[in-house]
Amino acid sequence: MTPLLCFSLSEILKFNFFSDILYFYRLPFDRALNQNRKRKRKRKSVDMNLKVLLVRPHVFLPTSQWLQSMLRLEPYAQELIAGAVQPPHDVRICDLAVEDKPIDAFQRVLQAYQPNLVGFGGFSSQFRTNCELAAITRELLPNAITCLGGVHASSMPTDCKYPNLFDLIVRGDGVSAMKVVIAAIEKNESLPESDWILPTASPNFDKLAMKSPPALHLDGINTKPRRELVDMSKYFCICYGQPGEKIDTLFPEIACVRTSVGCPNRCSFCVVHFLAKGKYLQRKVEDVVEEIASLPQKYIYFVDDETFINTRRMQRIAEMLLERGIKKKYISWARSDTVCKHPELFDLWKKAGLELVYIGFESLEDENLNAYNKKATASQNREAREILRKLNLNIHAALMVNPDFEEKDFLTVQRAIKEMAPAEFAFTVYSPPPGTQEFMESRDKFICDDPCLYYDCLHTILPTKLPLKKFYRYFSILYALGAARIPAKVNKVKLPLRDHIKFVLGAMKFGWQMYRMYREYDRKYW
Ligand code: B12
Ligand code: SF4
Numbered sequence: 000m001t002p003l004l005c006f007s008l009s010e011i012l013k014f015n016f017f018s019d020i021l022y023f024y025r026l027p028f029d030r031a032l033n034q035n036r037k038r039k040r041k042r043k044s045v046d047m048n049l050k051v052l053l054v055r056p057h058v059f060l061p062t063s064q065w066l067q068s069m070l071r072l073e074p075y076a077q078e079l080i081a082g083a084v085q086p087p088h089d090v091r092i093c094d095l096a097v098e099d100k101p102i103d104a105f106q107r108v109l110q111a112y113q114p115n116l117v118g119f120g121g122f123s124s125q126f127r128t129n130c131e132l133a134a135i136t137r138e139l140l141p142n143a144i145t146c147l148g149g150v151h152a153s154s155m156p157t158d159c160k161y162p163n164l165f166d167l168i169v170r171g172d173g174v175s176a177m178k179v180v181i182a183a184i185e186k187n188e189s190l191p192e193s194d195w196i197l198p199t200a201s202p203n204f205d206k207l208a209m210k211s212p213p214a215l216h217l218d219g220i221n222t223k224p225r226r227e228l229v230d231m232s233k234y235f236c237i238c239y240g241q242p243g244e245k246i247d248t249l250f251p252e253i254a255c256v257r258t259s260v261g262c263p264n265r266c267s268f269c270v271v272h273f274l275a276k277g278k279y280l281q282r283k284v285e286d287v288v289e290e291i292a293s294l295p296q297k298y299i300y301f302v303d304d305e306t307f308i309n310t311r312r313m314q315r316i317a318e319m320l321l322e323r324g325i326k327k328k329y330i331s332w333a334r335s336d337t338v339c340k341h342p343e344l345f346d347l348w349k350k351a352g353l354e355l356v357y358i359g360f361e362s363l364e365d366e367n368l369n370a371y372n373k374k375a376t377a378s379q380n381r382e383a384r385e386i387l388r389k390l391n392l393n394i395h396a397a398l399m400v401n402p403d404f405e406e407k408d409f410l411t412v413q414r415a416i417k418e419m420a421p422a423e424f425a426f427t428v429y430s431p432p433p434g435t436q437e438f439m440e441s442r443d444k445f446i447c448d449d450p451c452l453y454y455d456c457l458h459t460i461l462p463t464k465l466p467l468k469k470f471y472r473y474f475s476i477l478y479a480l481g482a483a484r485i486p487a488k489v490n491k492v493k494l495p496l497r498d499h500i501k502f503v504l505g506a507m508k509f510g511w512q513m514y515r516m517y518r519e520y521d522r523k524y525w
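Take the sequence shown: its position 89, counting from 1, is numbered 88 in numbering that gives the first Met the number 0, and each next residue is one higher.
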């Protein structure tokens, strides 16, 4: 058992400051870094059958835990990467997001499976968790190769240079990278070295990591995800039904589908354009429809960076779904300007089964939208809302607040909630994305020791104009107002009592966490 486990999350949260939390959080991490262990790795033999373990880490922040109790998607990246591992090699997925005691579960899997290649991936806020898991791997299986990929490794490779924990850092697509790594091991060659696959012990690491992220790779969308390696019954979304409808559950089982990767837009709060360099790769429409048709799940979540960029292609996909009589319900992100320019497309998609549209409205103020480089206007946001309302499409409305917000600005957002309701509301605090120029330039301003750990867009990493206590009081009021206006409530949808209770209790707990968020920062900011 690691020291972290000696403290339950609630105990950890009794501490007031970031430094307190980090102190306990750092223990296993530091131990691994300080060990200075001489690792004697045996050279892998050419005919060795690899055992590859792909790990999705659990979430650490209580706010992310709440989010996962409402919406938990399958470990799609791990399923795709597993598609790169062909016989005679073997692959397993360890999804710690579904475990009550993730560290215990991880140790059990390592001991039982004895993998010789372990791959970790995840969000920036999960980087420290990945370090802890890698430290455990080093301890239990010192000869296993460890590899870190995913959005954090892709955008901030320099942050991940810990040779004691990770042998390789992968930026960008992991499917193609896994193929290259396995091929090198099979040929008994030294591991490849590039700005895409970076050995942490290489003297060239810093030089390679300074380069901009590698180009997107088609393997990231054209590979068949290995869903059979996970228990799909553990993944669900939140879906609100239609006005007056009686629904079996608020949390139906769901599968993910990725139809494209990248985005040509350049919103300032988003890391995608930094990673994709404005490129947008698309999968063949026939493949997309075939994958959807093959799924037993009724609900599909499109995990594209931005699904509706190519509207003709999306029209063709909807037509094909209708022609083939595929009856599913879909959840997708879309931009408000796309909805305004192509209302007929959303009408078609409604017929094909579109159920819930996630829209990053961000604000109903043009000044804010311009500052975010959103390239959509407040009037487009309003119009898109009206179009979707007329189509009876449920909306997830993402709104953003700025660290320099004052009381009046929060009141403006409160008015926006009333105007946009009913909707599922999500509020984020503007934070420069790790890895980007703006993040680097803001380093001196950060009000927490480890801005990446707290990069959940709910914890501010920049100083606020209002004292933090007031800021989070206003912020939690936004969530309370939003929770009271969800489509199921406004549209009088009949829900099972247990789901109703789960939602209300979850929302209250989250609201309380939000309200007390200021206590996680140094007292001088309160
Ligand atoms: C769908 C989505 C979600 C889903 C969950 C997705 C999931 N997989 O579980 C939901 C809606 C729940 C969600 C929630 C959040 N999200 Co989100 N989400 C996205 C979105 C739209 C697509 C992500 C995705 O699934 N892509 C498909 C997979 C296959 O791609 P991938 O993970 O990048 O994997 C590829 C490579 O990275 C690599 N790879 C990945 N893992 C590994 C491992 C190894 C070993 C290797 C070699 C390679 C490798 O290979 C893969 C295949 O090519 C992105 C981007 C966007 N446009 O906004 C944001 C994004 C990932 N989300 C982000 C954030 C911040 C969040 C939240 C914190 C926001 C919030 N306040 O709610 C939460 C946190 C959730 C949590 N678990 O902690 C940020 C992450 C930034 C960062 N540096 O961490 C992104 C990039 C958005 C942004 N605007 O910047 N999100
Ligand atoms: S449209 Fe979406 S994916 Fe594209 S840059 Fe803006 S927020 Fe990121």
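Quick reminder that beta carbons are idealized off the backbone N, C-alpha and C, glycines included.
Does the ligand B12 have even one heavy atom less than 7 Å from the beta-carbon of His-151?
yes
Under DSSP, the beta strand (DSSP E) around Met-399 begins and ends at which residues?
393-400
Report buried or exposed for Phe-17, applying the criterion of at least 16 other Cβ atoms within 10 angstroms of its Cβ.
In this prediction, Phe-17 has a pLDDT of 43, which is less than 50 and means its spatial position is unreliable; nothing more can be read from the coordinates.
Name the residue from Gln-77, Leu-344, Tyr-471 whose alpha carbon lies nearest to the alpha carbon of Asp-172.
Gln-77
Whole-angstrom distance between Cys-447 and Asp-521, CA atom to CA atom:
8 Å
Quick check on the DSSP output: the alpha helix (DSSP H) that includes Lys-328 runs from which residue to which?
It is not in any alpha helix (DSSP H) - Lys-328 instead sits in the beta strand (DSSP E) that spans 328-333.
From the beta carbon of Ser-331, is the nearest beta carbon of chain E less than 8 Å away?
Among the protein chains of the structure shown there is no chain E, as only one such chain exists.
DSSP on Cys-130, reduced to helix/strand/coil?
helix
Check this for me: beta carbons of Tyr-300 and Glu-252, under 8 Å apart or not?
no
Can the beta-carbon of Tyr-517 be found closer than 8 Å to that of Trp-525?
yes
How far does the beta strand (DSSP E) with Leu-197 in it reach, from first residue to last?
196-198
Gly-434 beta carbon less than 8 Å from that of Phe-273:
yes
Between Tyr-371 and Met-399, is the Cβ-Cβ spacing less than 8 Å?
yes
Verify the contact flag: Gly-359, CB atom, against every heavy atom of the ligand SF4, threshold strictly below 7 Å.
In this structure, Gly-359 has its CB closer than 7 Å to one or more heavy atoms of the ligand SF4.
When you compare only the Cα positions, how much space is there between Gln-64 and Glu-98?
Distance between the alpha carbons of Gln-64 and Glu-98: 12 Å.
Quick one: give me the first and last residue of the beta strand (DSSP E) that Gly-171 is part of.
Note, Gly-171: premise wrong, no beta strand (DSSP E); not H, not E.
Helix or strand or just coil, what does DSSP make of Val-302?
coil
Secondary structure of Asp-449, DSSP reduced to three states
coil
Going straight from the alpha carbon of Gly-149 to that of Leu-217, what length do you get?
16 Å
Please report the straight-line C-alpha distance between Ile-237 and Leu-249, rounded to a whole angstrom.
6 Å
Please classify Ala-214: does DSSP put it in a helix, a strand, or coil?
coil
How would the residue list near the ligand SF4 read, in chain order, if you kept each one whose beta-carbon is closer than 6 Å to any heavy atom?
Cys-262, Asn-264, Arg-265, Cys-266, Cys-269, Val-271, His-272, Asp-304, Glu-305, Arg-334, Gly-359
Could you give the distance in angstroms between the alpha-carbon of Ala-143 and the alpha-carbon of Leu-79?
21 Å
State the beta-bridge partners of Lys-523 as determined by DSSP.
DSSP lists no partner for Lys-523.
Quick check on Ile-92: does DSSP put it in helix, strand or coil?
strand
Between Gly-120 and the ligand B12, is there a pair consisting of the residue's CB and a ligand heavy atom that are separated by less than 7 Å?
Yes - the ligand B12 has a heavy atom lying nearer than 7 Å to the Cβ of Gly-120.
Cβ of Gln-67 versus every heavy atom of the ligand B12: is any distance shorter than 7 Å?
yes
With DSSP collapsed to three states, give me the class of Glu-289.
The answer is helix: DSSP assigns Glu-289 an H, G or I state.
At a cut-off of 7 Å, would you count Tyr-279 as near the ligand GTP, judging by its Cβ distance to the nearest heavy atom?
Because the ligand GTP does not appear in the structure shown, any question about it cannot be addressed here, the ligands present being the ligand B12 and the ligand SF4.
Do you know how far the Cα of Ala-176 is from the Cα of Trp-195?
8 Å
Roughly how many angstroms separate the alpha carbons of Leu-190 and Cys-146, rounded to a whole number?
12 Å
Cα-Cα separation between Lys-501 and Glu-290, rounded to whole angstroms:
32 Å
Coarse secondary structure for Arg-472, derived from DSSP in three states:
helix
Distance, Asn-309 Cα to Arg-265 Cα:
16 Å
Residue from Arg-414, Arg-484, Leu-480 with nearest C-alpha to Ser-381:
Here residue 381 is Arg; the residue named in the question, Ser, does not match the sequence. The shortest C-alpha separation from Arg-381 is found at Arg-414.
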